[in-house]
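Report on the structure given below.
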Amino acid sequence: MRRTRILVADSLPIFRAGVRNLLARESDFVVVEATRLEDVVAAVADECPDIALVDLNLPPSGGVAAVARLSEACPTHTIVWSFEANPATVLAAIRAGASGYLHKEISPAGLVRSLRGVARGEAPLARDLATLMIGALHGLEERDRAREKAAALSPRERQVLSYVARGARNRQIAQALYISEFTVKRHMQNILQKLGLPSRRAAAVFYESAFEAEEPALTAGTSA
Amino acid sequence: MSEAEPPVRKRSQPLVAVLSSVPMLREALAHTLEDIAEVRVFPAGRGDTAGLLRSLAPDAIVVDNEQEAEAAAAFAREADTPVVLVSYRDEHLLVLTDAGWEEGEEPVSAEGIRNALVGGLFGRARKEAPTR
Chain A
1 MRRTRILVAD SLPIFRAGVR NLLARESDFV VVEATRLEDV VAAVADECPD IALVDLNLPP
61 SGGVAAVARL SEACPTHTIV WSFEANPATV LAAIRAGASG YLHKEISPAG LVRSLRGVAR
121 GEAPLARDLA TLMIGALHGL EERDRAREKA AALSPRERQV LSYVARGARN RQIAQALYIS
181 EFTVKRHMQN ILQKLGLPSR RAAAVFYESA FEAEEPALTA GTSA
Chain B
1001 MSEAEPPVRK RSQPLVAVLS SVPMLREALA HTLEDIAEVR VFPAGRGDTA GLLRSLAPDA
1061 IVVDNEQEAE AAAAFAREAD TPVVLVSYRD EHLLVLTDAG WEEGEEPVSA EGIRNALVGG
1121 LFGRARKEAP TR
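Residue numbers (this note's numbering), protein chains in the order written: chain A, 1 to 224; chain B, 1001 to 1132.
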């Protein structure tokens, strides 16, 4: 029987040992270890693993960079794991080529199940992370829609709106842009009309959703 | 017939209580400690850690969570029990001393935790040994 080759890339010996001991009890896995990116590169030069379990904080440049390197070099299924995960991190890992994302608090049985699932072509994702991901994807859709609407604004109107979003008053905006307060008011009327918004406050919220909500702030998981 | 003596718990090996939120810690430690200690693992964050430790009366404690560490420290000071706190985030082990938590020299590995525990257990044994 051909055994599934697992590369465990983690700087903390405790996690490498935990996975090694766990999988030693299973007859269908063989474990290779790496403590940093250089070890990953050396290991895949030898033989591509079937699956790589990569710590998000793998030295020196992080797990996402390691996933990208692995994806370039091998057809390996990669899972990133970490204590804390936010949607932006999970998305970055998946964009880099990861097949899944798990919490380091995962149970031994859960990890074995996930690894076997990956070997069958499944994409493991912790349940709470799946929820966060859906939220993040909705956020991205909203941002895209807002940006489409914002395309109707002139460069000057967008500039005025950016000041409004920062809480500036008309007089302050006028001073900053060397225009009259009357012109700022006119720009504001045009902005509200073009965006179909009822108020200055709504315009500020719109600006944030279109241009400042790059990274959803929700987090999951904690650790010592 | 003599009166039955109260049960005396005899341990051939020291009892190590592991209070952990990371099941993989148990996987890592079980192998390394199996010949030198009896290891009991409890999930962290289930409340009344002090009560659990009083009932169990372990010879040494491993925790990986700051809240559990504080509860374990309160018990450990009373019972003179060594405690090792595993900090995954900072990648170091902290050992409870009379002066508080001190960063250990051992790495965050199963062997590092074993060494810190053995150091603590021997330190306690030396304190308990009668002086000549």
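Ideal Cβ placement from N, Cα and C applies to all residues, glycine included.
* Residues that DSSP places opposite glutamate 1038(B) in a beta bridge -> Position 38 of the second sequence holds residue 1038(B). Paired residues: Leu1015(B).
* To do: Run the CB neighbour count on proline 1023(B), radius 10 Å, all protein chains shown included, and call it buried at 16 or more, exposed below.
  => Residue 1023(B) sits at position 23 when you count from the first residue of the second sequence. Taking all protein chains shown into account, proline 1023(B) has 16 or more neighbouring C-beta atoms within 10 Å of its C-beta and is therefore buried.
* To do: Starting from the C-beta of threonine 1032(B), find all residues in its chain whose C-beta is less than 8 Å away, skip the five residues before and the five after it, and write them out in chain order.
  => For the purposes of this step, residue 1032(B) is taken as residue 32 along the second sequence, with counting starting at 1. Excluding residues within five positions, the ones whose Cβ falls inside 8 Å are Ala1110, Glu1111, Ile1113 and Arg1114.
* Asked: Smallest Cα separation from alanine 1099(B): which of Arg1077(B), Pro1043(B) and Val1016(B)?
  -> The residue given as residue 1099(B) occupies position 99 in the second sequence. When each option's Cα is compared against that of alanine 1099(B), the closest is Arg1077(B).
* Asked: For valine 184(A), which option in Ile173(A), Ala165(A), Ala204(A) and Leu192(A) has the closest C-alpha, if you only look at C-alpha atoms?
  -> Mapped onto the first sequence, residue 184(A) falls at position 184. Looking at the Cα atoms, Ile173(A) is the closest of the given residues.
* Stretch pair the region 103–114 of chain A + the region 77–89 of chain A: three plus CB contacts closer than 8 Å -> yes
* **Sub-7 Å separation of glutamate 1091(B) and glycine 18(A) beta-carbons** => Residue 1091(B) sits at position 91 when you count from the first residue of the second sequence. Residue 18(A) sits at position 18 when you count from the first residue of the first sequence. Going by C-beta atoms, glutamate 1091(B) is not nearer than 7 Å to glycine 18(A).
* Would you kindly work out how many angstroms separate the C-alpha atoms of histidine 103(A) and serine 27(A), rounded to a whole number? => Position 103 of the first sequence, counted from the start, is the residue given in the question as residue 103(A). Position 27 of the first sequence, counted from the start, is the residue given in the question as residue 27(A). Near 24 Å, if we compare the C-alpha coordinates of serine 27(A) and histidine 103(A).
* To do: Enumerate in chain order the residues of its own chain whose CB-to-CB distance from aspartate 1104(B) is below 6 Å, with the five nearest sequence positions on each side excluded.
  => Your numbering for residue 1104(B) matches position 104 in the second sequence. In the sequence as presented, aspartate is not what sits at residue 1104(B); that position holds glycine. Around glycine 1104(B): Leu1093, Val1095 and Ala1116.
* So, is the C-beta of leucine 37(A) closer than 7 Å to a C-beta in chain B? -> For the purposes of this step, residue 37(A) is taken as the residue at position 37 of the first sequence. It does not; no Cβ of chain B falls within 7 Å.
* To do: Could you tell me the distance, in whole angstroms, from the CA atom of leucine 1121(B) to the CA atom of arginine 1054(B)?
  => Indexing the second sequence from 1 puts residue 1121(B) at position 121. Indexing the second sequence from 1 puts residue 1054(B) at position 54. Their backbone Cα atoms lie some 18 Å apart in a straight line.
* Residue span of the beta strand (DSSP E) that contains aspartate 55(A), given as start and end -> Residue mapping note: residue 55(A) aligns to position 55 of the first sequence, counting from 1. Note, aspartate 55(A): beta strand (DSSP E), 51–55.
* Which residues bound the beta strand (DSSP E) around leucine 1094(B)? -> Your numbering for residue 1094(B) matches position 94 in the second sequence. Where leucine 1094(B) is concerned, the enclosing beta strand (DSSP E) stretches over 1092–1097.
* Asked: For glycine 139(A), which of helix, strand or coil comes out of DSSP?
  -> Here residue 139(A) refers to the residue found at position 139 when the first sequence is read from its first residue. The DSSP-derived three-state label of glycine 139(A) is helix.
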